[in-house]
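2 protein chains.
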Amino acid sequence: MIKQEEMETLRELIKEVDTAMLTTVTEEGLVSRPMKTQEVEFDGDLWFFTKKETNKYEEIKHDQDVNVAYAGKSYVSVRGRAEIVEDLDKKKELWSKAYETIMQTSYDDPNVVLIKVKAESAEYWETGNFTKKIAFLYKRMTGQSAKSTDGNETVELNH
Amino acid sequence: MIKQEEMETLRELIKEVDTAMLTTVTEEGLVSRPMKTQEVEFDGDLWFFTKKETNKYEEIKHDQDVNVAYAGKSYVSVRGRAEIVEDLDKKKELWSKAYETIMQTSYDDPNVVLIKVKAESAEYWETGNFTKKIAFLYKRMTGQSAKSTDGNETVELNH
Numbered sequence: 001m002i003k004q005e006e007m008e009t010l011r012e013l014i015k016e017v018d019t020a021m022l023t024t025v026t027e028e029g030l031v032s033r034p035m036k037t038q039e040v041e042f043d044g045d046l047w048f049f050t051k052k053e054t055n056k057y058e059e060i061k062h063d064q065d066v067n068v069a070y071a072g073k074s075y076v077s078v079r080g081r082a083e084i085v086e087d088l089d090k091k092k093e094l095w096s097k098a099y100e101t102i103m104q105t106s107y108d109d110p111n112v113v114l115i116k117v118k119a120e121s122a123e124y125w126e127t128g129n130f131t132k133k134i135a136f137l138y139k140r141m142t143g144q145s146a147k148s149t150d151g152n153e154t155v156e157l158n159h
Numbered sequence: 001m002i003k004q005e006e007m008e009t010l011r012e013l014i015k016e017v018d019t020a021m022l023t024t025v026t027e028e029g030l031v032s033r034p035m036k037t038q039e040v041e042f043d044g045d046l047w048f049f050t051k052k053e054t055n056k057y058e059e060i061k062h063d064q065d066v067n068v069a070y071a072g073k074s075y076v077s078v079r080g081r082a083e084i085v086e087d088l089d090k091k092k093e094l095w096s097k098a099y100e101t102i103m104q105t106s107y108d109d110p111n112v113v114l115i116k117v118k119a120e121s122a123e124y125w126e127t128g129n130f131t132k133k134i135a136f137l138y139k140r141m142t143g144q145s146a147k148s149t150d151g152n153e154t155v156e157l158n159h
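Residue numbers (UniProt numbering), protein chains in the order written: chain A, 1 to 159; chain B, 1 to 159.
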């Protein structure tokens with residue numbers, strides 16, 4: 001269940017941060033890397049470009065659990081499930097000159113794919129007081145209910 | 001095997017970032033949160049204070065795999081294994097007035113514990129060109145050898 005107010009707050013916090021840290025699961029442990037964020041309004045999904053020949057492509061194929069962390073004026077943690085999207089129209093829609101320069105190819109390169117992260121929960125901390133606000137965007141239908149998903153918003157110290 | 005030069009580079013990059021994002025594994029997926037970093041020289045271990053009544057304490061007790069990400073002028077990803085340390089002398093050594101204010105207690109509070117993250121590999125990206133440098137600090141003796149651990153330092157684009 002999405003609270004509109006929380007979604008808007010997250011959208012504003014995320015918008016400020018050009019580069020997110022995407023954490024994936026490997027056989028050896030958790031790894032992260034900076035990823036240029038899309039200049040599209042956050043609606044629950046996060047989008048990144050990558051190539052098939054990267055570790056993260058393999059890692060997501062193997063384990064969909066990811067975290068996207070934004071460190072800027074505030075801090076945001078998005079827990080989600082990632083999937084690889086190869087849709088040409090979507091790649092064209094999200095492509096920009098910046099990617100052409102960085103990736104040195106074109107959106108219609110079959111090696112270029114999108115990582116779509118479907119946010120399942122998000123938390124943010126405002127800088128200064130380190131107060132934690134939790135915004136639960138989606139609740140997974142697993143039947144399991146961790147205690148942390150009971151509330152819709154909690155406030156606690158970051159310790 | 002630690003290359004002294006890489007360790008020093010990491011030490012310098014980490015020193016600049018006051019707050020790291022610590023990612024842990026939960027039953028539902030990967031979560032992260034900002035953590036105040038210790039003002040001690042990085043020697044392969046990272047230290048954080050927390051309390052026993054937190055989610056991260058439970059998560060680390062359940063699964064030791066963590067990632068520590070630093071986003072500042074550069075980006076650093078540390079893959080490691082976390083453990084809870086309750087040693088009173090160590091808590092005293094690392095405690096500071098800042099923690100007293102934030103955590104509203106004292107280092108000898110039995111609820112106050114240390115999270116020690118033993119770095120197993122680290123990667124960093126310099127801002128601007130997004131060139132990736134990999135510094136492998138430790139190699140886990142699992143018998144498994146992922147292709148990414150073969151080299152001691154690789155350079156590739158972040159895509």
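Heads up, the beta-carbon is just placed ideally off N, CA and C, and yes, glycines get one too.
Cβ distance (whole Å) where residue i is taken to contact residue j below 8 Å
i, j, result
"A:D65", "B:L30", "5 Å"
"A:M21", "B:A69", "4 Å"
"A:S121", "A:R79", "5 Å"
Burial state of residue i, where buried means 16 or more other Cβ atoms lie within 10 Å
i, result
"residue 161 of chain A", "No statement about residue 161 of chain A is possible, as the shown extent of chain A runs from 1 to 159 and does not include it."
"A:Q4", "exposed"
"A:L46", "buried"
"B:Q104", "exposed"
"B:L88", "exposed"
"B:S96", "exposed"
"B:N111", "exposed"
For residue i, three-class secondary structure by DSSP
i, result
"A:Y70", "strand"
"B:E86", "coil"
"A:K52", "coil"
"A:F42", "coil"
"A:E12", "helix"
"A:E123", "strand"
"B:T24", "strand"
"B:T37", "coil"
"A:T105", "coil"
"A:K147", "Because the pLDDT of A:K147 is 40, which lies under 50, any placement of that residue in the model is unreliable, and the number read from its coordinates should be weighed accordingly. Three-state DSSP puts A:K147 in a helix."
Beta carbon proximity, residue i to chain A, threshold 8 Å
i, result
"B:L46", "no"
"B:E120", "yes"
"B:T23", "yes"
Any C-beta of chain B under 8 Å from that of residue i
i, result
"A:D65", "yes"
"A:R33", "yes"
"A:T101", "no"
"A:R11", "no"
"A:E28", "yes"
"A:T71", "Reading off the sequence shown, one finds Ala at residue 71 of chain A, where the question assumed Thr. Closer than 8 Å to some Cβ of chain B, the Cβ of A:A71 qualifies, so yes."
"A:Y107", "no"
"A:S77", "yes"
"A:S148", "The predicted position of A:S148 is uncertain, since its pLDDT is 40 and thus under 50; a value taken from the coordinates is nonetheless stated next. Chain B, which has a Cβ nearer than 8 Å to the Cβ of A:S148, makes this yes."
"A:W125", "yes"
"A:T19", "yes"
Straight-line gap, residue i to residue j (C-alpha atoms, nearest Å)
i, j, result
"residue 160 of chain B", "B:V113", "Lying outside 1 to 159, the shown extent of chain B, residue 160 of chain B is not represented and no answer is given."
"B:K106", "B:E100", "Looking at the sequence itself, residue 106 of chain B is Ser, so the reference to Lys does not match. Each residue's Cα considered, the two are about 6 Å apart."
"B:K92", "B:K73", "31 Å"
"A:R11", "A:Y124", "11 Å"
"A:V76", "A:I14", "7 Å"
"B:E59", "B:K52", "11 Å"
"B:K118", "B:E27", "23 Å"
"A:D108", "A:K90", "11 Å"
"B:Q38", "B:T24", "19 Å"
"A:E83", "B:A98", "41 Å"
"A:N55", "B:N67", "16 Å"
"B:V17", "B:F48", "14 Å"
"B:V85", "A:E41", "42 Å"
"B:E126", "B:D43", "21 Å"
"A:I102", "A:T50", "11 Å"
"A:T9", "A:I115", "23 Å"
"A:Y57", "B:S32", "21 Å"
"A:M7", "A:A71", "18 Å"
"A:D63", "B:D63", "16 Å"
Residue i CB to nearest heavy atom of the ligand GTP below 7 Å
i, result
"A:R33", "Here there are no bound small molecules, and the ligand GTP is not part of this structure."
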